Amino acid sequence: DAGVIQSPRHEVTEMGQEVTLRCKPISGHDYLFWYRQTMMRGLELLIYFNNNVPIDDSGMPEDRFSAKMPNASFSTLKIQPSEPRDSAVYFCASSKAGTRETQYFGPGTRLLVL
Amino acid sequence: DAKTTQPPSMDCAEGRAANLPCNHSTISGNEYVYWYRQIHSQGPQYIIHGLKNNETNEMASLIITEDRKSSTLILPHATLRDTAVYYCIVRDPTGANNLFFGTGTRLTVIP
Numbered sequence: 001d002a003g004v005i006q007s008p009r010h011e012v013t014e015m016g017q018e019v020t021l022r023c024k025p026i027s028g029h030d031y032l033f034w035y036r037q038t039m040m041r042g043l044e045l046l047i048y049f050n051n052n053v054p055i056d057d058s059g060m061p062e063d064r065f066s067a068k069m070p071n072a073s074f075s076t077l078k079i080q081p082s083e084p085r086d087s088a089v090y091f092c093a094s095s096k097a098g099t100r101e102t103q104y105f106g107p108g109t110r111l112l113v114l
Numbered sequence: 001d002a003k004t005t006q007p008p009s010m011d012c013a014e015g016r017a018a019n020l021p022c023n024h025s026t027i028s029g030n031e032y033v034y035w036y037r038q039i040h041s042q043g044p045q046y047i048i049h050g051l052k053n054n055e056t057n058e059m060a061s062l063i064i065t066e067d068r069k070s071s072t073l074i075l076p077h078a079t080l081r082d083t084a085v086y087y088c089i090v091r092d093p094t095g096a097n098n099l100f101f102g103t104g105t106r107l108t109v110i111p
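Sequence lines, in order, name chains D and H. When you line the first sequence up against the working numbering, it's residues 1 to 114, in that order. When you line the second sequence up against the working numbering, it's residues 1 to 111, in that order.
Below, the structure is given as C-alpha cells:
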C-alpha cells in the first residue's frame with residue numbers, strides 16, 4: 001500500500017486566496033483525520049471522519065476552514081480566505097475501525113500564506 | 001484523558017539502548033499507553049502501544065510499571081535514523097477520538 005497520500009506537498013499563497021489540501025487515506029481505513037502542526041501549538045486535531053461522515057470538528061479554528069469527504073478514498077481541507085496565521089504543516093491520517101488509535105500519517109502539506 | 005509528562009530532550013550514543021520515560025500518574029483502567037515518533041519533516045509514526053503488560057515489536061519495547069503510572073519506551077540499539085521527537089499518549093480507545101500529542105521528547109542519537 002502506498003500509505004496516506006497528501007497533495008500538494010508544499011503550497012505558497014497570498015493572503016485572501018483559497019487553499020485546498022487533499023488527502024487519500026489508506027484503502028480500507030474507516031477513519032480519516034486532519035491535523036495542523038505549528039511551532040507554537042504543536043500538533044492539533046482539526047476534524048475527523050468515520051465512514052465519510054464528520055464526527056468531531058471542534059478543532060476547526062473558524063468558519064474559514066471546511067473539510068469534506070465525498071467518498072472513502074478522498075478528503076479535502078479548504079481554507080477560504082487564507083491568512084498568514086494559517087501557515088503550518090497540515091497532516092492527514094487514517095486508521096481502521098477497532099484500531100483507531102493506530103493512526104497512519106501522510107507526509108503533510110507545508111502551507112505558507114504570505 | 002490522562003496527562004503525560006516527558007523530558008523535553010535526551011541524547012543517546014549510537015548503538016546503545018535509548019530509554020525514554022513517560023509519567024502518566026492519573027491514568028485510568030481503560031486507558032492505553034501509545035507511543036508515536038516524528039522524524040524531522042515527516043508525519044508522526046506509530047511505534048507501539050500497551051495496556052498493562054510489557055510489549056515488544058520490531059521497532060521497540062514498552063515497559064509499563066505495575067501501578068501503570070509510568071512507562072518506558074526502549075529502542076534497543078539506537079541508530080542515527082532514530083533521531084526524532086517521541087510522543088507518549090494515553091488514551092481510552094473507546095472514548096472520543098482525539099490524540100493529544102503534547103510536546104514529546106526530542107531524542108538525539110549521537111554518532
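Where a beta carbon is used, it is the ideal one built from N, C-alpha and C, also for glycine. Here the structure is a predicted model, which is why all the values come from computation and not from measurement.
* Counted within 10 angstroms of its Cβ, other Cβ atoms place H:Ile64 as buried (16 or more) or exposed -> As a first step, residue 64 of chain H must be located in the second sequence, where it is residue number 64. H:Ile64 comes out buried.
* What is the rounded straight-line gap between the Cα of D:Ser7 and the Cα of D:Cys23? -> Stepping through the first sequence from its first residue, residue 7 of chain D is reached at position 7. Stepping through the first sequence from its first residue, residue 23 of chain D is reached at position 23. The alpha-carbon atoms of D:Ser7 and D:Cys23 are separated by roughly 7 Å.
* Rounded to whole angstroms, what's the CA-CA distance from D:Leu77 to D:Phe91? Just pull it up for me. => On the first sequence, position 77 is the one that residue 77 of chain D refers to. On the first sequence, position 91 is the one that residue 91 of chain D refers to. Each residue's Cα considered, the two are about 10 Å apart.
* Asked: Using a Cβ-Cβ distance under 8 Å, would H:Tyr46 count as near chain D?
  -> In the second sequence, residue 46 of chain H corresponds to position 46, counting from 1. Yes - at least one Cβ of chain D is within 8 Å of the one on H:Tyr46.
* At what residues does the beta strand (DSSP E) containing H:Ala60 begin and finish? -> As a first step, residue 60 of chain H is located in the second sequence; it is residue number 60 there, counting from the start. No beta strand (DSSP E) contains H:Ala60, which DSSP labels as neither H nor E.
* Asked: Using Cβ-Cβ distances below 9 Å, what residues of the region 22 to 47 of chain H are close to chain D?
  -> Tyr32, Tyr34, Tyr36, Gln38, Ser41, Gln42, Gly43, Pro44, Gln45, Tyr46
* Using the rule of at least 16 other Cβ atoms within 10 Å of the residue's Cβ for burial, across every protein chain shown, is D:Ala2 buried or exposed? -> To locate residue 2 of chain D, count along the first sequence from 1; it is residue 2. D:Ala2 is exposed by the Cβ-count criterion.
* **Collapsed DSSP secondary structure at H:Asp82 in the structure displayed** => For the purposes of this step, residue 82 of chain H is taken as residue 82 along the second sequence, with counting starting at 1. Three-state DSSP puts H:Asp82 in a helix.
* To do: Give, in chain order, every residue of the region 103 to 114 of chain D whose Cβ lies closer than 8 Å to some Cβ of chain H.
  => Gln103, Tyr104, Phe105, Gly106, Pro107, Gly108
* Does the distance from the C-beta atom of D:Leu43 to that of D:Trp34 stay below 8 Å? -> In the first sequence, the residue the question calls residue 43 of chain D occupies position 43. In the first sequence, the residue the question calls residue 34 of chain D occupies position 34. It is not a contact, given that the beta carbons lie outside the stated cut-off.
* Would D:Pro25 be called buried (16 or more neighbouring beta carbons within 10 Å of its own) or exposed? -> On the first sequence, residue 25 of chain D is found 25 positions in, with the first residue counted as 1. Its Cβ being crowded by 16 or more others within 10 Å, D:Pro25 is buried.
* To do: Answer with yes or no whether the minimum CB distance from H:Leu99 to chain D is below 8 Å.
  => The residue labelled residue 99 of chain H in the question sits at position 99 within the second sequence. Yes, H:Leu99 lies at the interface with chain D (some Cβ there is under 8 Å from its Cβ).
* **Host beta strand (DSSP E) of D:Leu32 (start-end)** => Residue mapping note: residue 32 of chain D aligns to position 32 of the first sequence, counting from 1. Residues 31 to 38.
* Could you name the residues of chain D that H:Thr103 contacts, counting a contact when the two beta carbons are closer than 7 Å? => The sequence position of residue 103 of chain H within the second sequence is 103, counting from 1. Those are Gly42, listed as they occur along chain D.
* **Terminal residues of the beta strand (DSSP E) in which H:His77 lies** => As a working note, residue 77 of chain H is residue 77 in the second sequence. Segment: none, H:His77 is in no beta strand (DSSP E) and carries neither H nor E.
* Cβ shell of H:Pro7 (< 6 Å), same chain only, five flanking positions each side left out -> Within the second sequence, numbered from 1, the residue matching residue 7 of chain H stands at position 7. Within the same chain, H:Pro7 has close Cβ partners Thr105.
* Asked: Among the residues of its own chain, which have a CB less than 7 Å from the CB of D:Ala88, if the five just before and after it don't count?
  -> Within the first sequence, numbered from 1, the residue matching residue 88 of chain D stands at position 88. Closer than 7 Å at Cβ, skipping near neighbours: Arg36, Gln37, Thr38, Leu111.
* Could you check the C-alpha separation between H:Arg68 and H:Pro44 for me, to the nearest Å? => As a position in the second sequence, residue 68 of chain H is number 68, starting the count at 1. As a position in the second sequence, residue 44 of chain H is number 44, starting the count at 1. Their backbone Cα atoms lie some 24 Å apart in a straight line.
* My guess is that D:Val12 and D:Leu114 are in contact by the Cβ rule of under 8 Å, so how many angstroms apart are they, rounded? -> As a working mapping, residue 12 of chain D is identified with position 12 in the first sequence. As a working mapping, residue 114 of chain D is identified with position 114 in the first sequence. Between D:Leu114 and D:Val12 the Cβ distance is about 7 Å, and since that is below 8 Å, they are a contact.
* Asked: For H:Ser61, which residues of its own chain have a beta-carbon under 8 Å away from its beta-carbon, when the five flanking residues on both sides are left out?
  -> What you label residue 61 of chain H is simply residue 61 of the second sequence in a count that begins at 1. If we look at H:Ser61 and ignore the five residues flanking it on each side, its Cβ neighbours are Ile48, Asn54, Glu55, Leu73, Ile74, Pro76.
* To do: Determine the direct distance from the alpha carbon of D:Tyr104 to that of D:Met115, and round the result to whole angstroms.
  => This structure does not reach residue 115 of chain D, given that chain D is present from 1 up to 114, and the question cannot be answered.
* Leaving out five residues on either side along the sequence, give the residues of the same chain with a beta carbon under 6 Å from the beta carbon of D:Ser66. => Within the first sequence, residue 66 of chain D is the residue found at index 66, counting from 1. For D:Ser66, where only same-chain residues beyond five positions count, the Cβ hits under 6 Å are Lys78.
* Asked: Could you give the distance in angstroms between the alpha-carbon of H:Cys22 and the alpha-carbon of H:Gly50?
  -> As a first step, residue 22 of chain H must be located in the second sequence, where it is residue number 22. As a first step, residue 50 of chain H must be located in the second sequence, where it is residue number 50. Distance between the alpha carbons of H:Cys22 and H:Gly50: 13 Å.
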